[in-house]
Amino acid sequence: MMKVSVCMITYNHEQYIAQAIESIIGQQTDFDYELIIGEDCSKDGTRSICVDYQQKYPDKIKLVLHNPNVGMLPNFLSVLDKCEGEFVAMCEGDDYWTDVHKLQKQVDFFNKNPDYTVNFHSLQLMVNGEIQTPAFLPKNTFSIEDLIKSNFIGTASVMFRFQKPFSLPNWFVELPFGDWTLHIINANKGKVGYLPEHLGVYRIHAGGNWSNARASALKQELVKVKFYNHISHYLASKYDRVISVEKIKLWNNILNHSDIAIPTKEIITDITNCLQSFGKIDNATRATGSKSNRKTG
Numbered sequence: 001m002m003k004v005s006v007c008m009i010t011y012n013h014e015q016y017i018a019q020a021i022e023s024i025i026g027q028q029t030d031f032d033y034e035l036i037i038g039e040d041c042s043k044d045g046t047r048s049i050c051v052d053y054q055q056k057y058p059d060k061i062k063l064v065l066h067n068p069n070v071g072m073l074p075n076f077l078s079v080l081d082k083c084e085g086e087f088v089a090m091c092e093g094d095d096y097w098t099d100v101h102k103l104q105k106q107v108d109f110f111n112k113n114p115d116y117t118v119n120f121h122s123l124q125l126m127v128n129g130e131i132q133t134p135a136f137l138p139k140n141t142f143s144i145e146d147l148i149k150s151n152f153i154g155t156a157s158v159m160f161r162f163q164k165p166f167s168l169p170n171w172f173v174e175l176p177f178g179d180w181t182l183h184i185i186n187a188n189k190g191k192v193g194y195l196p197e198h199l200g201v202y203r204i205h206a207g208g209n210w211s212n213a214r215a216s217a218l219k220q221e222l223v224k225v226k227f228y229n230h231i232s233h234y235l236a237s238k239y240d241r242v243i244s245v246e247k248i249k250l251w252n253n254i255l256n257h258s259d260i261a262i263p264t265k266e267i268i269t270d271i272t273n274c275l276q277s278f279g280k281i282d283n284a285t286r287a288t289g290s291k292s293n294r295k296t297g
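For the sequence shown, full-length UniProt numbering begins at 1 and goes up steadily by one.
As structure tokens, then:
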């Protein structure tokens with residue numbers, strides 16, 4: 001059985017794709033792994049580079065070639081569908097790994113920790129051609145509550161347990177938080193482990209998804225509110241207290257900018273629902289306490 005499938009999506013990464021692929025096929029492991037590349041009809045020479053590598057490593061590399069372009073998240077889903085590994089790792093076409101033992105270290109972690117469903121490590125950042133090295137995170141185990149608050153897992157650092165059928169909600173492709181959604185879903189099945197090592201590089205450049213996504217911070221916050229509503233429903237309201245705190249922060253930021261037109265009814269309804277997520281629990285506690293007092297009185 002294939003041990004690890006590495007998912008790579010790429011679009012217009014002609015300058016970077018060779019380095020990304022080389023960093024993966026150069027991994028030293030005591031198990032079999034595969035690289036699946038989803039090439040989304042690039043306008044530059046990305047596709048021809050991918051084809052050349054696949055022909056050079058036919059037993060290691062699979063290609064998913066789109067024509068026409070399908071978009072980032074549908075591309076990712078098409079790659080994930082081809083995965084055969086017990087574990088899935090990810091690396092986009094403009095990032096790369098710096099440690100030839102990266103995959104081995106992450107698989108070894110899972111073998112020693114069967115109650116963990118996700119593990120990740122630190123990444124260095126390449127900003128305008130210069131490497132920056134962020135500090136390590138303060139703890140080695142994280143929970144789904146931590147991930148609901150923010151997405152601190154870099155795409156090129158993550159590995160998760162994988163078993164088909166692997167289902168994702170229908171709204172997965174509608175919002176620009178594919179990685180975040182995926183991490184929360186996986187964290188709902190077990191613990192999240194952190195390896196305090198810098199094992200890869202994440203590029204930040206004008207063509208990167210993060211730079212484009214931050215073009216309108218307020219619009220991003222409105223989309224986050226919608227994202228949290230979906231997550232709340234998916235998790236059957238189990239983590240609504242945490243979600244509500246984050247949504248109230250978002251609404252506070254949004255309402256401080258009067259240039260955004262949002263229906264007042266929508267705002268009031270959503271904030272009321274957030275507050276009720278606390279009230280329901282508090283009311284239930286008070287009711288239980290009242291019953292207890294009546295019995296002992």
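Glycine included, each C-beta is placed from N, C-alpha and C at the ideal position.
Please classify residue i: is it buried, with 16 or more other beta-carbons within 10 angstroms of its beta-carbon, or exposed?
| i | result |
| --- | --- |
| residue 200 | buried |
| residue 189 | exposed |
| residue 211 | Only weak support exists for where residue 211 lies, its pLDDT of 45 falling under 50; the value from the coordinates is given anyway. Residue 211 is exposed by the Cβ-count criterion. |
| residue 13 | buried |
| residue 295 | Summary for residue 295: the model assigns pLDDT 36, below 50, so the residue's position carries little reliability; its value from the coordinates is reported in the next sentence. Per the 10 Å Cβ criterion, exposed. |
| residue 127 | exposed |
| residue 117 | buried |
| residue 94 | buried |
| residue 6 | buried |
| residue 238 | exposed |
| residue 214 | The predicted position of residue 214 is uncertain, since its pLDDT is 40 and thus under 50; no value can be drawn from it. |
| residue 135 | exposed |
| residue 71 | exposed |
Ends of the alpha helix (DSSP H) at residue i?
| i | result |
| --- | --- |
| residue 228 | 217-234 |
| residue 254 | 240-255 |
| residue 51 | 46-56 |
| residue 72 | 72-80 |
| residue 117 | First-last for residue 117: 116-127, but that is the beta strand (DSSP E), not the alpha helix (DSSP H). |
| residue 107 | 102-112 |
| residue 187 | 178-187 |
| residue 148 | 144-149 |
Check this for me: beta carbons of residue i and residue j, under 8 angstroms apart or not?
| i | j | result |
| --- | --- | --- |
| residue 140 | residue 196 | yes |
| residue 10 | residue 39 | yes |
| residue 157 | residue 123 | yes |
| residue 27 | residue 96 | no |
| residue 87 | residue 194 | no |
| residue 125 | residue 183 | no |
| residue 154 | residue 202 | yes |
| residue 66 | residue 83 | no |
| residue 107 | residue 31 | yes |
| residue 187 | residue 143 | yes |
When every heavy atom of the ligand NAD is checked, does at least one fall within less than 7 angstroms of the C-beta of residue i?
| i | result |
| --- | --- |
| residue 60 | Ligands displayed in this structure: none; no statement on the ligand NAD is therefore possible. |
On the premise that residue j lies in contact with residue i, defined as a C-beta separation below 8 angstroms, what is that separation, rounded to the nearest angstrom?
| i | j | result |
| --- | --- | --- |
| residue 36 | residue 79 | 5 angstroms |
| residue 149 | residue 223 | Rounded, the Cβ-Cβ distance is 17 angstroms, inconsistent with contact. |
| residue 152 | residue 137 | 7 angstroms |
| residue 227 | residue 175 | 5 angstroms |
| residue 115 | residue 62 | So it is not a contact: roughly 31 angstroms between Cβ atoms. |
Rank the options by C-alpha distance to the C-alpha of residue i and give the top, closest one.
| i | options | result |
| --- | --- | --- |
| residue 173 | 110, 129, 76 | 76 |
| residue 254 | 231, 32, 225 | 225 |
| residue 230 | 181, 219, 245 | 181 |
| residue 301 | 185, 29, 194, 128 | Because the chain spans 1 through 297 in this model, residue 301 falls outside it and cannot be assessed. |
| residue 179 | 1, 8, 163 | 8 |
| residue 102 | 46, 112, 89, 94 | 89 |
| residue 244 | 145, 163, 137, 219 | 145 |
| residue 46 | 68, 237, 55, 16 | 16 |
| residue 164 | 53, 113, 81 | 81 |
| residue 69 | 44, 61, 170, 142 | 44 |
| residue 204 | 131, 113, 99, 105 | 131 |
| residue 170 | 221, 24, 73, 49 | 73 |
| residue 24 | 235, 1, 60 | 60 |
| residue 221 | 2, 240, 250 | 250 |
| residue 29 | 104, 219, 187 | 104 |
| residue 198 | 71, 55, 99, 247 | 99 |
Just curious, the beta strand (DSSP E) that residue i is in, first and last residue?
| i | result |
| --- | --- |
| residue 13 | Where residue 13 is concerned, there is no enclosing beta strand (DSSP E), given that its DSSP letter is neither H nor E. |
| residue 35 | 33-39 |
| residue 204 | 191-204 |
| residue 300 | In the structure displayed, the chain extends from 1 to 297; residue 300 sits before or after that span and is not available. |
| residue 300 | The structure shown does not extend to residue 300, since the chain is modelled only from 1 to 297, so the question has no answer here. |
| residue 87 | 87-90 |
Got a sec: is the Cβ-Cβ distance from residue i to anything in chain D below 8 angstroms?
| i | result |
| --- | --- |
| residue 94 | The structure shown contains no chain D; it holds only a single protein chain. |
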